[in-house]
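Comments concern the structure below.
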Amino acid sequence: MANEANNFQELISHCKEYGYIFQSSEIYDGLAAVYDYGQNGAQLKKNIRDYWWKSMTQLHDNIVGIDAAIFMHPTTWKASGHVDNFSDPMIDNKDSNKRYRVDHLIEGFTDELRAKGENEGKEADVLLASMDALLAKNDFAGLKKLIEDNKIKCAVSKTCNWTDVREFNLMFSTQIGSVAEESDTIYLRPETAQGIFVNFLNVQKTGRMKIPFGIAQTGKAFRNEIVARQFIFRMREFEQMEMQFFVRPGTQMEWYNFWKEERKKWHESLGIPPEKLRFHDHVKLAHYADAALDIEFEFPFGWKELEGIHSRTDFDLKQHQEYSRKKIQYFDNDLNEEGKPFGNYTPYVVETSVGLDRLFLTVMSLAYTHETWTKEDGTEDSRVVLKIPAKIAPTKLAILPLVKKDGLPEIARALMNDCKESFHCFYEEKDAIGKRYRRMDAIGTPFCVTIDHQTKEDNMVTIRYRDTMAQERIALADVKKLVLEKIN
Ligand code: GAP
Numbered sequence: 000m001a002n003e004a005n006n007f008q009e010l011i012s013h014c015k016e017y018g019y020i021f022q023s024s025e026i027y028d029g030l031a032a033v034y035d036y037g038q039n040g041a042q043l044k045k046n047i048r049d050y051w052w053k054s055m056t057q058l059h060d061n062i063v064g065i066d067a068a069i070f071m072h073p074t075t076w077k078a079s080g081h082v083d084n085f086s087d088p089m090i091d092n093k094d095s096n097k098r099y100r101v102d103h104l105i106e107g108f109t110d111e112l113r114a115k116g117e118n119e120g121k122e123a124d125v126l127l128a129s130m131d132a133l134l135a136k137n138d139f140a141g142l143k144k145l146i147e148d149n150k151i152k153c154a155v156s157k158t159c160n161w162t163d164v165r166e167f168n169l170m171f172s173t174q175i176g177s178v179a180e181e182s183d184t185i186y187l188r189p190e191t192a193q194g195i196f197v198n199f200l201n202v203q204k205t206g207r208m209k210i211p212f213g214i215a216q217t218g219k220a221f222r223n224e225i226v227a228r229q230f231i232f233r234m235r236e237f238e239q240m241e242m243q244f245f246v247r248p249g250t251q252m253e254w255y256n257f258w259k260e261e262r263k264k265w266h267e268s269l270g271i272p273p274e275k276l277r278f279h280d281h282v283k284l285a286h287y288a289d290a291a292l293d294i295e296f297e298f299p300f301g302w303k304e305l306e307g308i309h310s311r312t313d314f315d316l317k318q319h320q321e322y323s324r325k326k327i328q329y330f331d332n333d334l335n336e337e338g339k340p341f342g343n344y345t346p347y348v349v350e351t352s353v354g355l356d357r358l359f360l361t362v363m364s365l366a367y368t369h370e371t372w373t374k375e376d377g378t379e380d381s382r383v384v385l386k387i388p389a390k391i392a393p394t395k396l397a398i399l400p401l402v403k404k405d406g407l408p409e410i411a412r413a414l415m416n417d418c419k420e421s422f423h424c425f426y427e428e429k430d431a432i433g434k435r436y437r438r439m440d441a442i443g444t445p446f447c448v449t450i451d452h453q454t455k456e457d458n459m460v461t462i463r464y465r466d467t468m469a470q471e472r473i474a475l476a477d478v479k480k481l482v483l484e485k486i487n
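Written as structure tokens, this is what we have:
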């Protein structure tokens, strides 16, 4: 565990050093739990988003994508239940005044227990089961007692002097309108899903969509997370990739199981090993769900939620129908098993919801590798390499003339011009070739091509593969084709 923690710290430093992730407004000492993506991070994030978008909206012919606004009519959040229910049980330490989400405080304690040994690991399981049962019953007094009985301490004051457990709403609010008196309170959306629900009829009618069908969306969401930690795992401003799948009432469990498996397979298609993924059924269901689970990934700091699959019933559409006083129903003219038309009904919804930033962290924690080996002369060598799958790597190909003279840069530039329409390339002519390879390893570029004097004779180049460091000579004319084959 200590080693994993060190690796995680190294990964965070690496993300900064190589233009992946910066602390937001760093020159002003940063803003807690808010991050900016640098030149490589923004490209990787876009590639992951595009991969999701394509798999949802292009590879499924019954799913379409939309882009709804972040600001929504305030009644949206009353209808959705977020004004009344979107809160977490919190507890404050009276000595440090530090506030904790109750489940995070207890989970942090169980992580420490587990690190101590097998018996303590069993104790941790019992403790988590008790916590789940109390959370399911909203038993706040019981949760406080559980914390006190286990002598769980505040990380700052190191005392067990706790307040009662209370609920805090996680939505950010702001004002709309330029004059204070005319202004109204609106919320920064805490999930993108509501933009899909309020547009259900717009999309269904204009797209002539037939149930079952899905509406997908990617975009920013905001939550005033009290305990924001573990780098980009839990942020106050983050991005979601959500898909609401509208189905006939009564078929929701069938679709819930379908999307559960489909989404796990999708993660595996991104190179995540199956043994690093698992399902975790929710004990305490959100106010809108009749079944819910997390797809968890084994992050360097333990198993945590990566994606949520929720059977949201007809809750949201019915609520919006009631609050807007507009009929939100679907006319189903297909036949049921008895040969009768279904007629009008409110569709049920199965949702898949994955955090783009969490997926980014997943990809990076799998990719970050520190390798050491013994060279032929007996000395040690090492490198840090990001083994990002080629199809989502920010830069696909580095084009490196061996020297910056003798006509080699011209050949390299011509190759760059030929390839850059098709994929992202990087050109560099400075420094020894070994140094340039190492820099490309560190940002995760899967292929490097070196143009040398021999190229002028035989039109062949050296291609070097990031993960194996193997090199081979191939025809200059085949470079683009080879890279395209590998990234598609
Ligand atoms: N529409 C359903 C919904 O929002 P959720 O489980 O609260 O469900 C879905 O969130 C996903 O959004 C999570 O699985 C996680 O990947 C991501 N997510 C949630 N809160 C986050 C945060 N504070 N920072 C980063 N990602 C977050």
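Taking numbering that gives the first Met the number 0, I'd label the letters of the sequence shown as residues 0 to 487.
All residues carry an ideal CB built from backbone N, CA and C; glycine is no exception.
Assigned secondary structure, residue i (DSSP; H/G/I helix, E/B strand, else coil)
i    : result
P408 : helix
H309 : strand
A290 : strand
H319 : helix
A1   : Low local confidence applies: a pLDDT of 46 at A1 is under 50, so the model's placement there is unreliable, with the coordinate-based value given in what follows. Helix.
Q193 : helix
G218 : strand
L385 : strand
D477 : helix
I432 : helix
F314 : helix
L483 : helix
T250 : coil
D183 : strand
G18  : coil
H279 : strand
R228 : coil
D440 : helix
G141 : helix
G213 : strand
Start-to-end residues for the alpha helix (DSSP H) that takes in residue i
i    : result
F108 : 101–115
T454 : 452–457
L358 : 355–366
N201 : 199–205
L269 : Where L269 is concerned, there is no enclosing alpha helix (DSSP H), given that its DSSP letter is neither H nor E.
N149 : Note, N149: premise wrong, no alpha helix (DSSP H); not H, not E.
Q42  : 38–56
DSSP beta-bridge partners of residue i
i    : result
W372 : D380
E304 : E295
S86  : N168
I462 : V448, E471
N92  : W161
V348 : F245, T312
A397 : F425, C447
N343 : F330
R98  : D91
Beta-carbon spacing of residue i, residue j below 8 Å
i    : j    : result
I214 : D331 : no
G443 : L355 : no
I308 : T351 : yes
I105 : M71  : no
V63  : G206 : yes
T394 : H423 : yes
N84  : H286 : yes
G218 : L365 : no
E295 : L305 : yes
A32  : R235 : yes
N458 : L475 : yes
Range covered by the beta strand (DSSP E) that runs through residue i
i    : result
Q174 : 172–175
A78  : No beta strand (DSSP E) holds A78; the alpha helix (DSSP H) holding it covers 74–78.
D498 : Any answer about residue 498 is impossible in this case: the structure gives the chain only from 0 up to 487.
E241 : 236–246
G64  : 62–64
Y426 : 424–426
Y329 : 329–334
Residue from the options whose Cα sits closest to the Cα of residue i
i    : options                : result
G141 : D102, R113, Y464, Q318 : D102
T368 : D376, L358, V383       : V383
Q243 : G249, F212, K219       : F212
A132 : Y186, K419, H281, N168 : H281
E420 : K479, T312, H13, G249  : K479
A291 : M468, K259, N343, S268 : K259
C14  : A32, S23, Y36, E25     : Y36
L284 : T173, D293, F7         : D293
M55  : E111, E25, W265, G40   : W265
A41  : S23, Y19, G301, K303   : Y19
Residue i beta carbon near ligand 3 (any heavy atom closer than 7 Å)
i    : result
A192 : This structure lacks ligand 3; its bound ligands are ligand 1.
CB contact below 8 Å: residue i versus chain B
i    : result
E267 : Absent from the structure is chain B; it holds one protein chain and no more.
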